[in-house]
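A.B. asks: Quick note: the sequence shown, position 142, residue 142 per the UniProt record's numbering, numbers continuous.
Idealized CB from N, CA, C, for every residue including glycine.
Here the structure is a predicted model, which means the values were calculated and not measured.
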Amino acid sequence: MDHFGGGSWTMIPNIQTHSNPSTPSNQDQLFLQQQQFQQQQFNQPQQLYQQQQQQQQQQQQQQQQRYQQQMQQQQMQQQHQQIQQQQQHMQQQQQQHHQSLASHFHLLQLVENLADAIENRNRDQHSDALVTELKNQFEKCQQLLTSISGSISSRSMTVEGQKRKKAECEQLLNQRRDLISKYKGSVEELINSEL
1 MDHFGGGSWT MIPNIQTHSN PSTPSNQDQL FLQQQQFQQQ QFNQPQQLYQ QQQQQQQQQQ
61 QQQQQRYQQQ MQQQQMQQQH QQIQQQQQHM QQQQQQHHQS LASHFHLLQL VENLADAIEN
121 RNRDQHSDAL VTELKNQFEK CQQLLTSISG SISSRSMTVE GQKRKKAECE QLLNQRRDLI
181 SKYKGSVEEL INSEL
């Protein structure tokens, strides 16, 4: 060291007020932050509005689906009621037909008259007429039995048809339930992905 030279000289670095022109100043940063804050404030209502619109659309779609399901159920119920009414009408007609056929049969009196003619051993036009009448009555009985057997088979066919339609309706209902649950799941996924 030099005791007489007045000390040592060291270099003091030169501090620039703007060390890097690409680095923003505090004032620039404050301005940028204000702009970002304003942009966020501007975007938040738009995002809320979009979310509300999406929720309203989803609610409308759900309401439409519920309405369509209710309409389909009502249509199915109406069809079921119409089928039941038609079957009841057919049954009533068949019963009336059977009753009208049954009311024509007076077999007991006819058989008694024929028995009297046989006991008396009188074969005349009267006994021949009784035999013819009895034959006609038996033919009517045969028609009645044929009609009854036909109605029994048609009833069993309608029961089978009802069972088949019921199974088809249940299958459609289950398919609709599956579709609704899938739709609900996809809507929930969309909502969760947006949050």
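(1) Does Leu48 come out as helix, strand or coil in the three-state DSSP assignment?
(2) For Lys163, which of Asp28, Gln84, Arg66 and Phe37 has the nearest alpha-carbon?
(3) Just to confirm, are Leu134 and Leu172 a CB contact at a threshold of 8 Å?
(4) Taking only three categories from DSSP, how would you classify Arg121?
(5) Looking at the structure shown, is Ser25 part of a helix, part of a strand, or coil, going by DSSP?
(6) Measure the alpha-carbon distance for Gln87 versus Gln65 and round it to whole angstroms.
(7) Return the Cβ separation of Leu130 and Leu108 in integer angstroms, given the expectation that the two are a contact with Cβ distance under 8 Å.
(8) Could you check which residue in Gln54, Tyr49, Gln52 and Gln62 has the C-alpha nearest to that of Leu179?
(9) According to DSSP, is Leu195 part of a helix, a strand, or is it coil?
(10) Met76 and Cys169 - do their beta-carbons sit closer together than 8 Å?
(11) Would you mind stating whether Gln69 and Arg176 have Cβ atoms separated by less than 8 Å?
(12) Rounded to whole angstroms, what is the Cα-Cα separation between Gln92 and Met157?
C.D. replies: Short version:
(1) For the purposes of this step, residue 48 is identified with residue 48 of the sequence shown, where counting begins at 1. Note: Leu48 maps to helix in three-state DSSP.
(2) For the purposes of this step, residue 163 is taken as residue 163 along the sequence shown, with counting starting at 1. It is Gln84.
(3) In the sequence shown, residue 134 corresponds to position 134, counting from 1. In the sequence shown, residue 172 corresponds to position 172, counting from 1. Their beta carbons are not under 8 Å apart, which means Leu134 does not touch Leu172 by this criterion.
(4) To locate residue 121, count along the sequence shown from 1; it is residue 121. Note: Arg121 maps to coil in three-state DSSP.
(5) In the sequence shown, residue 25 corresponds to position 25, counting from 1. In this structure, Ser25 counts as coil in the three-state DSSP scheme.
(6) In the sequence shown, residue 87 corresponds to position 87, counting from 1. In the sequence shown, residue 65 corresponds to position 65, counting from 1. Cα to Cα, Gln87 sits roughly 33 Å from Gln65.
(7) Numbered from its first residue, the sequence shown carries residue 130 at position 130. Numbered from its first residue, the sequence shown carries residue 108 at position 108. With a Cβ gap of about 13 Å, Leu130 and Leu108 do not count as contacting.
(8) Your numbering for residue 179 matches position 179 in the sequence shown. For Leu179, the nearest C-alpha among the options comes from Gln62.
(9) Numbered from its first residue, the sequence shown carries residue 195 at position 195. Leu195 falls in the coil class under three-state DSSP.
(10) In the sequence shown, the residue the question calls residue 169 occupies position 169. In the sequence shown, the residue the question calls residue 76 occupies position 76. Yes, the pair counts as a contact, with Cβ atoms nearer than the cut-off.
(11) Here the question's residue 69 lines up with position 69 in the sequence shown. Here the question's residue 176 lines up with position 176 in the sequence shown. Yes, the pair counts as a contact, with Cβ atoms nearer than the cut-off.
(12) Taking the sequence shown and counting its residues from 1, the one referred to as residue 92 is at position 92. Taking the sequence shown and counting its residues from 1, the one referred to as residue 157 is at position 157. About 17 Å.
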